[in-house]
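Residue numbers (the UniProt record's numbering): 1 to 94.
Backbone N, C-alpha and C fix where the C-beta goes; we use that ideal spot for every residue, glycine too.
Input: a single structure, listed below in structure tokens.
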């Protein structure tokens, strides 16, 4: 087996993951979710692992950016780093 083991989230990263997952669960309760650690941005990405799912980038201050599946993570990160954010109200179930 080659390669290294995936990094485990720190306690703070785990809190950000949990926050992002709770936002996703507000709009899609049974979503199959995964995450990507973004330590260089002091953030995490919570990913809905289905076609058309999208990603929620969560900053250390719990501000977020939702990026639909039409955009790749690189585009989302560029926007996120430039300060683009999604209002939290958008994640409330209807």
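Contacting residues, own chain, Cβ-Cβ under 6 Å from residue 1 (five flanking each side not counted): A caution first: residue 1 carries a pLDDT of 46, below 50, which makes its placement in the model unreliable, though a value can still be read off. For residue 1, where only same-chain residues beyond five positions count, there are no Cβ hits under 6 Å.
For the ligand GDP, is there any heavy atom lying closer than 6 Å to the beta carbon of residue 90? This structure lacks the ligand GDP; in fact it carries no ligand of any kind.
Out of 72, 77, 18 and 86, which has the shortest C-alpha to C-alpha gap to residue 40? 77
Buried or exposed for residue 88, please, with buried defined as at least 16 other CB atoms from any protein chain shown within 10 angstroms of its CB. exposed
Give every residue of the same chain whose Cβ lies closer than 8 Å to the Cβ of residue 81, excluding the five residues on either side of it in the sequence, and list them in chain order. 41
Below 8 Å on the Cβ atoms is my contact criterion, and I expect residue 58 with residue 16 to pass it. Report the Cβ-Cβ distance as a whole number of Å. Going by Cβ atoms, the distance from residue 58 to residue 16 rounds to 5 Å, so yes, they are a contact pair.
Rounded Cβ spacing between residue 50 and residue 36 (contact assumed at less than 8 Å): Between residue 36 and residue 50 the Cβ distance is about 16 Å, and since that is not below 8 Å, they are no contact.
By the DSSP assignment, the beta strand (DSSP E) with residue 55 in it spans what residues? 55-59
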